[in-house]
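I have placed the structure first, in the form of structure tokens, so that the comments after it can refer back to it.
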Amino acid sequence: MRVMGIDPGLRNLGWGVIEVMGSRLRHLGNGICHSSGADLATRLLSLHTQLTEIMREYAPDMAAVEQTFVNKDGAATLKLGQARGIALLVPAQFGLAVGEYAPNTVKKTVVGVGHAEKAQIAHMVKVQLPGVEISGPDAADALAVAICHAHHAPRSAMLAGMRG
């Protein structure tokens with residue numbers, strides 16, 4: 812069972828793919844999609860194109876996305892929400908159901924506390940995926956989302972998502 816985790820961002824969208832074998836987890840890939848373009852539409856399109864290629868390459872069975880928190884800057888929150896829309900849309904285009912997790916749920920699952928720092932998340936991802944080389948904080952967060960989904964997705968969904 813392959814699980815893709817996505818940490819949405821308009822400039823940097825983190826992604827990570829793991830394989831779940833019973834209670835064991837194995838790292839398959841991770842990285843960061845960097846948006847390019849002069850305007851919002853072009854930047855969103857670049858994220859869509861990159862994430863689509865990653866989906867084709869890794870062919871995950873399930874996907875999960877970190878939920879967005881609302882910050883003080885309304886315009887920035889709206890733009891992040893649009894990038895999050897890309898993170899939800901691309902897996903759906905491949906026929907996948909997409910789990911969504913609050914940042915505190917991801918942190919509590921991976922680190923054990925809901926208010927962990929980025930360095931703690933990266934450290935615990937490395938503990939759970941020995942030998943992984945993480946492309947950056949956004950990729951570490953995406954791998955944490957995938958690990959969270961592996962632990963929280965209903966067992967029936969895991970079985971239904973397995974390829975025969």
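Residue numbers (my numbering): 812 to 975.
Glycine residues also receive a C-beta, built at the ideal position from the N, C-alpha and C atoms.
Remember, predicted model here, so these are calculated numbers, not experimental data.
Asked: Buried versus exposed call for residue 877 [16 or more other C-beta atoms within 10 Å across all chains shown]; Found: buried
Asked: Strand pairing of residue 813, partner residues [DSSP]; Found: 830
Asked: Cα-Cα separation between residue 842 and residue 814, rounded to whole angstroms; Found: 14 Å
Asked: Residue 892 versus residue 959 - alpha carbon distance; Found: 21 Å
Asked: Beta bridge counterpart(s) of residue 818 as assigned by DSSP; Found: 825
Asked: Per-residue DSSP class, three states only, for residue 944; Found: coil
Asked: Segments of 3+ residues assigned as beta strand (DSSP E) that fall wholly inside the region 888 to 953; Found: 909 to 912
Asked: Same chain, Cβ closer than 8 Å to residue 939, neighbours up to 5 away in sequence not counted; Found: 836, 921, 958
Asked: Spatial distance of residue 964 from residue 956 (CA atoms); Found: 11 Å
Asked: Burial state of residue 870 (16 or more Cβ within 10 Å); Found: exposed
Asked: Closest residue to residue 904 among 885, 930, 860, 887 (Cα-Cα distance); Found: 860
Asked: Nearest-angstrom Cα separation, counted from residue 880 out to residue 888; Found: 8 Å
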